[in-house]
Amino acid sequence: MQNIAYYNGKVGPIEEMVVPMNDRACYFGDGVYDATCVVNHVPMAFDDHIDRIYRSAKLIDIDIPMEKAEMKKLLQGLCDQVEGDVLFLYWQVTRGVGMRNHPYSGAGDKPSLWAFVRPSKMRDPFGVYKCITVEDKRFFYCNIKTINLLPAVMANQKATAAGCDEAIFHRGDRVTECSHSNVHILKDGVLKTAPCDELILPGITRKHILAICRAKGIPVVEEPFTLQEMMEADEVFFSSSSALTCRIGEIDGKPVGLKDEKTFALIRDGYQEEMKKECGLA
Ligand code: PLP
Numbered sequence: 001m002q003n004i005a006y007y008n009g010k011v012g013p014i015e016e017m018v019v020p021m022n023d024r025a026c027y028f029g030d031g032v033y034d035a036t037c038v039v040n041h042v043p044m045a046f047d048d049h050i051d052r053i054y055r056s057a058k059l060i061d062i063d064i065p066m067e068k069a070e071m072k073k074l075l076q077g078l079c080d081q082v083e084g085d086v087l088f089l090y091w092q093v094t095r096g097v098g099m100r101n102h103p104y105s106g107a108g109d110k111p112s113l114w115a116f117v118r119p120s121k122m123r124d125p126f127g128v129y130k131c132i133t134v135e136d137k138r139f140f141y142c143n144i145k146t147i148n149l150l151p152a153v154m155a156n157q158k159a160t161a162a163g164c165d166e167a168i169f170h171r172g173d174r175v176t177e178c179s180h181s182n183v184h185i186l187k188d189g190v191l192k193t194a195p196c197d198e199l200i201l202p203g204i205t206r207k208h209i210l211a212i213c214r215a216k217g218i219p220v221v222e223e224p225f226t227l228q229e230m231m232e233a234d235e236v237f238f239s240s241s242s243a244l245t246c247r248i249g250e251i252d253g254k255p256v257g258l259k260d261e262k263t264f265a266l267i268r269d270g271y272q273e274e275m276k277k278e279c280g281l282a
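Under the working numbering, residues 1 to 282 are what the sequence shown spells out, in order.
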């Protein structure tokens, strides 16, 4: 199959999948999601992503009526049916179907599970990427992977229109994360990354990068950093499950980073090796 979509038991090609208008995703963006790349039919860091969607759901009071193992099996079954070496697996749980009404305590609230799998491409891990900065106007639930993504969409569109690859958010002086990735800096051999509070999504790739740093003896500081620190860093890079680790060479049209390839390469290669091992390619 070229791609596959799932909605509450219905399965078919993405282009033909039809969902009920009354799913609260449509009116309120009332749901949470997760996504990962699938290499060799193995979803990367699958357990981490499964754990995160259950955590996100709990934080918005959605009780997923399915065991984690069952969700994993269902999603793996979808991945197995799609052709391709590299795929993208996306899934979301919404509060369910009901007449439009803000409170969600009405009878019949039963979470909906949506998913799709389609072919994807990896970004070049040796590439150098361009970003813009955008004031972070999102709310204070950035630690929850909700499907309310309008500010991220607007920021990412702005980056694309500027010929760039990502938008880096900042609240005043403080850099938070990107429109759909985390951002990190290296200075004097130390990795600095924003702490996991309500202003950033606790990225799974971020978590693995920190573990790699610790294993390779690269000191890690989980503290907020400023726009100025970022512009003056030795290296700046963003990370996500689909982008992996992307080195940044330009922000807002100004050259940045690219001064400590050795340390960046330890992280990039460490992550590539981990991925290959997990996906049975090593
Ligand atoms: N931050 C935001 C806002 C994101 O949307 C994402 C990924 O979608 C990330 C960070 C990176 O998270 P992960 O590494 O789990 O893909």
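All residues carry an ideal CB built from backbone N, CA and C; glycine is no exception. Quantities reported herein were computed from a predicted structural model and do not represent experimental measurements.
Next on the checklist: Considering only heavy atoms of ligand 3, does any lie closer than 7 Å to the CB of His-184?
Outcome noted: Although ligand 3 was asked about, the structure shown includes only ligand 1 as ligands.
Next on the checklist: Using a 10 Å radius around the Cβ and a threshold of 16 neighbouring Cβ atoms, would you call Pro-43 buried or exposed?
Outcome noted: buried
Item to check | Backbone secondary structure at Ser-239 - three-state DSSP | outcome: strand
Checklist entry - Given that a residue counts as buried once 16 or more other Cβ atoms are within 10 Å of its Cβ, and exposed if not, what is Leu-281? => result exposed
Checklist entry - Going by the CB atoms, is the gap between Cys-131 and Cys-164 shorter than 8 Å? => result yes
Item to check | Cys-246 versus Gly-77 - alpha carbon distance | outcome: 30 Å
Checklist entry - Which residues bound the beta strand (DSSP E) around Asp-34? => result 31-39
Item to check | Endpoints, alpha helix (DSSP H) assigned at Cys-79 | outcome: 68-80
Item to check | Cross-strand partners of Val-153 (DSSP beta bridge) | outcome: Answer is none; Val-153 lacks a bridge partner.
Next on the checklist: So the candidates are Arg-95, Phe-140 and Trp-91; which of them puts its Cα closest to the Cα of Val-117?
Outcome noted: Trp-91
Next on the checklist: When you measure from the CB of Leu-87 to every non-hydrogen atom of ligand 1, does any distance come out below 7 Å?
Outcome noted: no
Item to check | Close Cβ partners of Glu-177 (< 7 Å) along its chain, the five nearest in sequence each way excluded | outcome: Phe-169, Val-183, Ala-194, Ile-200 and Leu-201
Next on the checklist: Please classify Val-18 as buried or exposed, where buried requires at least 16 neighbouring CB atoms within 10 angstroms.
Outcome noted: exposed
Checklist entry - With 16 as the cutoff for other CB atoms within 10 Å, does Ala-126 come out buried or exposed? => result It should be pointed out that residue 126 corresponds to Phe in this sequence rather than to Ala. Phe-126 should be labelled exposed.
Next on the checklist: Counting C-beta neighbours from all protein chains within 10 Å, is the total for Lys-187 16 or more, i.e. buried, or is it exposed?
Outcome noted: buried
Next on the checklist: Taking the beta strand (DSSP E) that Ile-293 belongs to, which residues open and close that run?
Outcome noted: Because the chain here runs from 1 to 282, residue 293 falls outside it and cannot be looked at.
Checklist entry - Around the C-beta of Pro-219, are 16 or more other C-beta atoms found within 10 angstroms, so that it is buried, or is it exposed? => result exposed
Item to check | Collapsed DSSP secondary structure at Ser-112 in the structure displayed | outcome: strand
Checklist entry - Thinking C-beta only, is Val-32 closer than 8 Å to Thr-146? => result yes
Checklist entry - Can you tell which of Thr-263, Gly-257, Val-190 and Ser-241 has its C-alpha closest to the C-alpha of Arg-274? => result The residue asked about is misnamed: residue 274 is Glu in this sequence, not Arg. Glu-274 has its Cα closest to that of Ser-241, out of Thr-263, Gly-257, Val-190 and Ser-241.
Next on the checklist: Please return the same chain residues whose Cβ sits closer than 7 Å to the Cβ of Met-71, not counting the five positions on each side in sequence.
Outcome noted: Ile-50
Checklist entry - Excluding the five sequence neighbours on either side, which residues of its own chain have a C-beta within less than 8 Å of the C-beta of Met-1, listed in chain order? => result Pro-13, Gln-81, Val-82 and Glu-83
Checklist entry - If we call anything under 8 Å between Cβ atoms a contact, is Glu-297 one with Tyr-129? => result As displayed, the chain neither begins before 1 nor continues past 282, which places residue 297 out of reach and without an answer.
Checklist entry - Counting along the chain, where does the beta strand (DSSP E) carrying Ser-46 start and finish? => result This sequence places Phe at residue 46; Ser is not what is there. Unbroken run through Phe-46 is the alpha helix (DSSP H), 46-59; no beta strand (DSSP E).
Next on the checklist: Can you tell me whether Asp-23 is buried or exposed? The criterion is at least 16 other CB atoms within 10 Å of its CB, across all chains shown.
Outcome noted: buried
Item to check | Ala-211 versus Glu-223: straight-line alpha-carbon distance, rounded | outcome: 16 Å
Checklist entry - Under the rule that 16 or more other beta-carbon atoms within 10 Å means buried, what is Met-230, buried or exposed? => result buried
Checklist entry - Using the C-alpha atoms, what's the distance from Cys-213 back to Cys-196? => result 17 Å
Item to check | Reduced DSSP secondary structure (H/G/I, E/B, other) of Arg-100 | outcome: coil
Item to check | Identified DSSP bridge partners for Gln-2 | outcome: None, per the DSSP bridge assignment.
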